[in-house]
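**Student:** Next up is a structure, given as C-alpha cells.
Numbering (the numbering used here), first residue to last: 12 to 442.
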C-alpha cells in the first residue's frame, strides 16, 4: 500500500512514512485507501484477544513491510496491559486506556511507534521531535528510553502541564531531552513542524516526529475501538464513542476503525473551551485560534493537526463530517460539576478529560433520544491531574506507585522562548 500526503505532492511506502513522520510538502501521510476487514473477522471479534485484534488490524496497514513474527512480538510487547470497558451507568461505559506504563492512552500509540521506528531504522542514528500538551511526551519518552541510536526531544509549554506530567517529561535523562518552551502547546507544535521541515537540520540529522502526525501513532489507536466492541457487542445496542479531543488523533483513529468496517453508530468529539471543530461543524468554516488554558490541559489545542487527515477522509465536505460526528464544547465549570456528580452518584472517579467525554455522551443522549451504549475514552489516570481532581472532589487521590516514582526524581529541562532560531541553534550544536 502507498502512503500519500494529505497535500497530494508526495507518496511513499509505510517504512518511509513512519521514519519521516511529516511529508516534505508539510502534509500528513495517509494510506491511499482504508483497508476493509472481512465479515468473518467481525463475527469472531468477541472471541479474539486484544493482541490478536491488534495484529490483524496492523497487518492491514503494514502489509509485507514487516515479518509476521516480528509484528506479533511488537504487538505483544505494546499491548501488555489491560484496556477494560468499565460500567459507570446502565448505558455509559468508560474505556480505561490508562493502565500502561505512563498511565495514559498515549502508551498504546507511542510504544508501537517506538518499536516500529527501531525496526525500520535498523540502528541508524535518528532524532525524534515531539510536541506535547501533557501525556504524549511521557509516553514517547517511555517508549524510546534507551533505544540505541535514537535521541528524543520533547517540547512542552512551560507552566501548562500538571506537576506530575512535567516530572514524567523531564526526569528520564540519557537519550531523552526536555525542552521547556515559554508559550502554548500550539507554539510547541509549530516549532516541531518547523524543525522537521528545516533544510539545514535535515541535512545534518535524520529527523522524524513522534506526534500523532506520525501515521505509526495513529494506526494502533484504532485497535481499542475494536476491543471495546469485542467487550460490549453482547449488549445488543448501537455503540457511540465520545472522544475527548485536542489534536484529534484519537478520533481520527476511530474513523479509521469505522471505515475498516467496525459498525460504530456515531462519534462525539467532546472538547473543552478550545472549540475550533465544534464551530466548524456549526458554521462550515474552519478557523484556528490561539489555545485557551483549561483544567483538561491535554486538549488545549487551537489548531489540531489531525484535522487535516479528517478533511482528507471526508473530502473536505462539512456535510460528510456531520454524518459521522457531533461535536460539543464544555466549560471548566461544567467539567468540575460532572466529576462531582459521577463520583457521588456512581462512585467512579473521572479525570478532567474523561469528564468532558461524559458530558458529550449526556448531551448526545438528550438530543438523539437513541437507546444506545455510550463509551467514553478515559484517556488518563485521575492521579495524573491530582491537584485538580483533589480540589474538585475534596478527597485524597491515591497515587499509583509507577506515577509516584516520577515524583521522587529530579527535573532536567532546557528553557527556551518560542523562537525557532534559538531551538534550531540548540539542535545544531547536538551531536
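Even glycine gets a Cβ: it sits at the ideal position worked out from N, Cα and C.
1) Are the Cβ atoms of residue 152 and residue 113 separated by less than 9 Å?
2) What are the boundary residues of the beta strand (DSSP E) that residue 388 is part of?
3) Applying the criterion that 16 or more other CB atoms from any shown protein chain within 10 Å of the CB defines a buried residue, is residue 282 buried or exposed?
4) Between residue 64 and residue 106, what straight-line distance do the alpha-carbon atoms span, to the nearest angstrom?
5) Should the region 296-313 be called in touch with the region 183-202, which here means at least 3 C-beta pairs below 8 Å?
6) What does DSSP give as the partner residues of residue 184 in its beta bridges?
7) Quick one: what's residue 167 bridged to in DSSP?
8) Quickly, what does DSSP pair residue 279 with across the bridge? List them, please.
9) Residue 219 and residue 30: beta carbons closer than 9 Å?
10) On the DSSP letters alone, give me the boundaries of the beta strand (DSSP E) that residue 271 sits inside.
11) Under the three-state reduction of DSSP, which class applies to residue 325: helix, strand or coil?
12) Residues in the same chain with beta-carbon distance under 6 Å from residue 19, minus the five sequence neighbours each way, listed in chain order, please.
13) To which residues does DSSP link residue 114 through a beta bridge?
14) Would DSSP call residue 103 helix, strand or coil?
15) Please indicate yes or no: does the CB of residue 326 lie closer than 8 Å to some heavy atom of the ligand NAD?
16) Residue 164: which of 93, 177, 203, 170 sits nearest, CA to CA?
17) So, at 6 Å on beta carbons, what are the nonlocal neighbours of residue 132 in its own chain, with the 5 sequence-adjacent residues on each side left out?
18) Just to confirm, is the Cβ distance from residue 365 to residue 389 under 9 Å?
**Tutor:** So, to answer that:
1) yes
2) 384-389
3) buried
4) 16 Å
5) yes
6) 187
7) 191
8) 253, 337
9) yes
10) Here residue 271 belongs to no beta strand (DSSP E), and DSSP marks it neither H nor E.
11) coil
12) none
13) Residue 114 pairs with nothing; no bridge assigned.
14) strand
15) Among the components of this structure there are no ligands whatsoever, and the ligand NAD is therefore not found.
16) 203
17) none
18) yes
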